[in-house]
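Using the working numbering, you'd call the opening residue of the sequence shown number 2 and step up by one each time. Beta carbons are placed, not taken as given, at the ideal position from N, Cα and C, and that holds for glycine.
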Amino acid sequence: MTDKSTIATTFDADVIRKDFPILNRQVNGQPLVYLDNAATSQTPQQVIDTIVEYYQGYNANIHRGVHSLSQEATDAYEMARKKIQEHFNIAKSQEVIFTSGTTHGINLVATGFSSFLKKGDEVMVSAMEHHSNIVPWQMLCERTGATLKVIPMNVEGELIMEEYHNLLSEKTKLVFCNHVSNALGTINPIEEIIEAAHKVGAAVLIDGAQAAAHIKADLQALDVDFYVVSAHKMCGPTGVGMLYGKEEWLKKLPPYQGGGEMIAEVTFEKTTYADLPHKFEAGTPNICGGIAFGAALDYMNSIGFDAITQYEEELVRYATEQLLTIDGLKIYGTAKHKTSVISFNIEGIHPYDIGSILDKLGIAVRTGHHCAQPIMDFYKIPGTVRASFSFYNTKEEVDKLVEGVKRAKSMLE
Ligand code: 7TS
């Protein structure tokens with residue numbers, strides 16, 4: 002058990018902020034208030050240093066050269082794989098596949114499942130997915146004739162679990178759901194989703210893109226079949242991510258791309274594939290990105306996920322309370338279990354207009370449908386203003402957001 006009183010006294014966002022050089026910059030003549038962490042998080046100096054050290058010290062291609070630089074790069078890259086394995090409590094390092102990000106991981110699995118599905122099979126998605134966890138499955142259904150079913154949600158932005166249990170049957174082959182919704186912040190009951198799907202023999206892919214920066218998932222305990230994340234949402238660089246797959250599934254799935262590194266032997270008559278994880282890692286990967294992903298995990302773990310969760314919960318509670326003091330402001334996503342996202346609108350004002358005025362004040366938020374159009378359709382709105390928080394944000398920044406929204410409201414009304 003973590004001693005919460007210790008966290009409260011040792012967690013100091015002002016000290017942590019010093020690790021993030023970008024937080025010192027000004028935008029439109031104002032100090033930057035960065036509240037677009039759900040789109041991408043900022044990068045601490047420790048990760049920037051890792052990237053610079055790689056290009057200055059041992060940039061080389063991996064798994065192929067006998068020379069020292071190549072050995073050093075290979076060791077660092079494989080060490081990063083081990084760090085990812087450890088962080089997510091994954092049983093075997095060959096179950097960790099480096100990808101370019103969440104979207105890549107989902108497409109890899111969706112394409113691979115083409116050979117396993119047929120007409121009459123069903124796959125199931127939740128009503129609150131990012132487009133990257135909808136479109137690849139629709140494409141899979143088009144290829145195979147399988148049917149896409151949707152787990153509905155209620156007005157609070159929670160999945161209706163009773164409906165989920167009713168929809169499940171022996172026809173269900175795959176269920177995919179995000180751990181945390183990027184548009185609403187809802188933390189979904191993935192333990193229950195996984196357990197129930199397994200009872201009917203369906204596999205489960207959990208999109209951890211939004212959860213990974215806030216919740217440390219134990220993938221063995223979850224018993225999930227696939228879990229995908231992007232490093233850039235958890236203090237790492239863009240262009241790299243992880244696909245976790247249970248070994249039995251990864252052995253069954255065909256390779257996603259053909260090329261160098263993923264083969265055992267090639268002749269013009271026949272090619273045999275490399276063992277895991279290389280079977281899914283064709284071509285030169287994002288070597289530096291993978292190593293920096295490992296450094297990002299080291300950085301976040303040095304702060305500690307218990308401390309991060311506790312601090313962010315308090316920040317979101319405070320921001321919710323303060324924003325709701327504004328007349329006509331409505332928050333979308335009021336689930337009992339939610340994390341660092343607040344999506345809102347002000348009656349009669351377009352979210353884009355609020356976002357533009359906030360930008361003039363140096364405050365970065367995202368506006369629009371957040372690549373989750375079905376959620377916007379559900380609420381019958383064109384989009385929302387989304388403030389998304391990280392452990393380096395402060396209550397002073399929340400105050401600036403609230404002041405900014407009030408100012409935008411008075412200008413636009
Ligand atoms: N799944 C979820 C839940 C996401 O939030 C995102 C990105 C993705 C998948 C795709 O991740 P990528 O790294 O492959 O692009 N979400 C957002 C967002 O909310 N604003 O910008 C990107």
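Buried or exposed, going by whether 16 or more other CB atoms sit within 10 Å of the CB of N134?
Here residue 134 corresponds to residue number 133 of the sequence shown, with the count starting at 1. Residue burial annotation: N134 is buried, with at least 16 other C-beta atoms found within 10 angstroms of its C-beta.
In angstroms with no decimal places, state the Cα-to-Cα distance between Y353 and L36.
Numbered from its first residue, the sequence shown carries residue 353 at position 352. Numbered from its first residue, the sequence shown carries residue 36 at position 35. CA-CA distance, Y353 to L36, rounds to 15 Å.
Leaving out the 5 sequence neighbours to the left and right, which residues in its chain are closer than 7 Å to Y300 when beta-carbon positions are compared?
For the purposes of this step, residue 300 is taken as residue 299 along the sequence shown, with counting starting at 1. P45, Q47, V48, C236.
Taking the alpha-carbon of I188 as reference, which of A212, F117, L330, G261 has the nearest alpha-carbon?
For the purposes of this step, residue 188 is identified with residue 187 of the sequence shown, where counting begins at 1. Out of A212, F117, L330, G261, A212 has the C-alpha closest to the C-alpha of I188.
I'd like to confirm the pairing. Which residues does DSSP put opposite E266 in its beta bridges?
Mapped onto the sequence shown, residue 266 falls at position 265. Answer by DSSP bridge pairing, in chain order: T273.
May I ask you to list the residues that DSSP assigns as paired with E13?
The sequence position of residue 13 within the sequence shown is 12, counting from 1. In the sequence on display, residue 13 carries Asp and not Glu. None, per the DSSP bridge assignment.
Within 10 Å of its beta-carbon, does Q86 have 16 or more other beta-carbons around it, so buried, or fewer, so exposed?
Against the sequence shown, residue 86 aligns to sequence position 85. A residue is called buried when at least 16 other Cβ atoms come within 10 angstroms of its Cβ; Q86 meets this threshold and is buried.
Taking 7 Å as the cut-off, does the CB of N108 come closer than this to any heavy atom belonging to the ligand 7TS?
Residue 108 sits at position 107 when you count from the first residue of the sequence shown. Exclusion of N108 from the 7 Å shell around the ligand 7TS follows from its C-beta lying no nearer than that to any non-hydrogen atom of the ligand.
Integer-rounded CB distance, given that T51 should sit under 8 Å from I304:
Along the sequence shown, one-based indexing puts residue 304 at 303. Along the sequence shown, one-based indexing puts residue 51 at 50. Contact doesn't hold; Cβ gap of about 17 Å is too wide.
Span separating the alpha-carbon of L375 from that of S101
Translated into positions along the sequence shown, residue 375 becomes position 374. Translated into positions along the sequence shown, residue 101 becomes position 100. The question names Leu, but residue 375 is Pro in the sequence shown. Roughly 25 Å between the two C-alpha positions.
Outcome for K19 when other beta-carbon atoms lying within 10 angstroms are tallied against a minimum of 16:
In the sequence shown, counting from the first residue as 1, residue 19 sits at position 18. So K19 counts as exposed.
Per DSSP, what kind of secondary structure is V386 in: helix, strand or coil?
For the purposes of this step, residue 386 is taken as the residue at position 385 of the sequence shown. Three-state DSSP puts V386 in a strand.
What are the partner residues of A345, as DSSP defines its beta bridges?
Locating residue 345 in the sequence shown gives position 344, counting from the first residue. First, the amino acid is wrong: residue 345 is Phe here, not Ala. Bridge partners of F345: I332, V386.
Are the Cβ atoms of I194 and V176 separated by less than 8 Å?
Mapped onto the sequence shown, residue 194 falls at position 193. Mapped onto the sequence shown, residue 176 falls at position 175. Closer than 8 Å, so yes.
Taking C-alpha atoms, which residue in L413, K83, V406, L359 lies nearest to Q31?
To locate residue 31, count along the sequence shown from 1; it is residue 30. The shortest Cα separation from Q31 among L413, K83, V406, L359 belongs to L359.
Which ranges does the beta strand (DSSP E) cover as unbroken runs of at least 3 residues, wholly within the stretch 13-88, from first to last along the chain?
No beta strand (DSSP E) of 3 residues or more sits fully in the stretch 13-88.
Which residues bound the beta strand (DSSP E) around C178?
Along the sequence shown, read from residue 1 onward, the residue named residue 178 stands at position 177. Element bounds for C178: 173-179.
When you compare the stretch 199-211 with the stretch 391-407, are there three or more beta-carbon pairs, one atom per stretch, that lie closer than 8 Å?
Touching, no, given that fewer than three Cβ pairs across the two stretches are closer than 8 Å.
Can you tell me which of the three DSSP states I194 falls into?
Position 193 of the sequence shown holds residue 194. In the structure shown, I194 sits in a helix (DSSP, three-state: H, G or I).
E192 versus L223: straight-line alpha-carbon distance, rounded:
What you label residue 192 is simply residue 191 of the sequence shown in a count that begins at 1. What you label residue 223 is simply residue 222 of the sequence shown in a count that begins at 1. Using only the alpha carbons, I get a separation of about 6 Å.
Opposing strand residues paired with A308 [DSSP bridges]
The sequence position of residue 308 within the sequence shown is 307, counting from 1. Beta-bridge partners of A308 (DSSP): none assigned.
Could you tell me the alpha carbon to alpha carbon distance between N62 and P153, rounded to whole angstroms?
Looking up residue 62 in the sequence shown gives position 61. Looking up residue 153 in the sequence shown gives position 152. A direct Cα-Cα distance of roughly 47 Å separates N62 from P153.
Compute the Euclidean distance between the alpha carbons of A40 and F345, then round it to the nearest angstrom.
Stepping through the sequence shown from its first residue, residue 40 is reached at position 39. Stepping through the sequence shown from its first residue, residue 345 is reached at position 344. Cα to Cα, A40 sits roughly 16 Å from F345.
Alpha-carbon to alpha-carbon, G158 and P256
Taking the first residue of the sequence shown as position 1, residue 256 is located at position 255. Taking the first residue of the sequence shown as position 1, residue 158 is located at position 157. For P256 and G158, the gap between their C-alpha atoms comes out near 36 Å.
Whole angstroms are fine: how far does the CA of I309 sit from the CA of A388?
Residue numbering aside, residue 388 sits at position 387 when the sequence shown is read from its first letter. Residue numbering aside, residue 309 sits at position 308 when the sequence shown is read from its first letter. Linking A388 to I309 through their CA atoms gives a straight-line distance of about 17 Å.
How many angstroms separate the CA atom of E282 from the CA atom of T145?
Locating residue 282 in the sequence shown gives position 281, counting from the first residue. Locating residue 145 in the sequence shown gives position 144, counting from the first residue. A direct Cα-to-Cα measurement between E282 and T145 gives close to 25 Å.
Taking one C-beta from the stretch 401-409 and one from the stretch 317-331 each time, how about it: are there three or more such pairs within less than 8 Å?
At 8 Å Cβ cutoff, the stretches touch.
Assuming S1 and G384 make a contact with CB atoms under 8 Å, what is their CB distance in whole Å?
Outside the displayed range of the chain (2 to 414) lies residue 1, so it cannot be described from this structure.
How is the beta strand (DSSP E) around Y245 delimited, first residue to last?
Residue 245 sits at position 244 when you count from the first residue of the sequence shown. Run containing Y245: 242-246, per the beta strand (DSSP E) assignment.
When you compare each of K331, A336, K361 to E348 by their alpha carbons, which one comes out closest?
Within the sequence shown, residue 348 is the residue found at index 347, counting from 1. Minimum Cα distance to E348 is reached at K331.
CB of N183 to nearest heavy atom of the ligand 7TS: below 7 Å?
The sequence position of residue 183 within the sequence shown is 182, counting from 1. Checking every heavy atom of the ligand 7TS against the Cβ of N183, one is found closer than 7 Å.
Determine, using beta-carbon pairs with one atom in the stretch 113-133 and one in the stretch 266-280, whether at least three such pairs fall under 8 Å.
Verdict: no, contact absent.
Report the option in H68, M243, S94, Q72 whose CA atom is closest to the CA atom of H105.
Locating residue 105 in the sequence shown gives position 104, where the first residue counts as 1. Comparing C-alpha distances from H105 to each of H68, M243, S94, Q72 shows the shortest one belongs to M243.
Buried versus exposed, by CB contacts within 10 Å (16 or more), I23
As a position in the sequence shown, residue 23 is number 22, starting the count at 1. Exposed is the call here.
Measure from the alpha carbon of A297 to the alpha carbon of each residue in V241, E262, K252, then state which is nearest.
Here residue 297 corresponds to residue number 296 of the sequence shown, with the count starting at 1. Across the set V241, E262, K252, the C-alpha of V241 shows the shortest separation from the C-alpha of A297.
Rounded separation between K84 and G295 - CA only:
Translated into positions along the sequence shown, residue 84 becomes position 83. Translated into positions along the sequence shown, residue 295 becomes position 294. Each residue's Cα considered, the two are about 6 Å apart.
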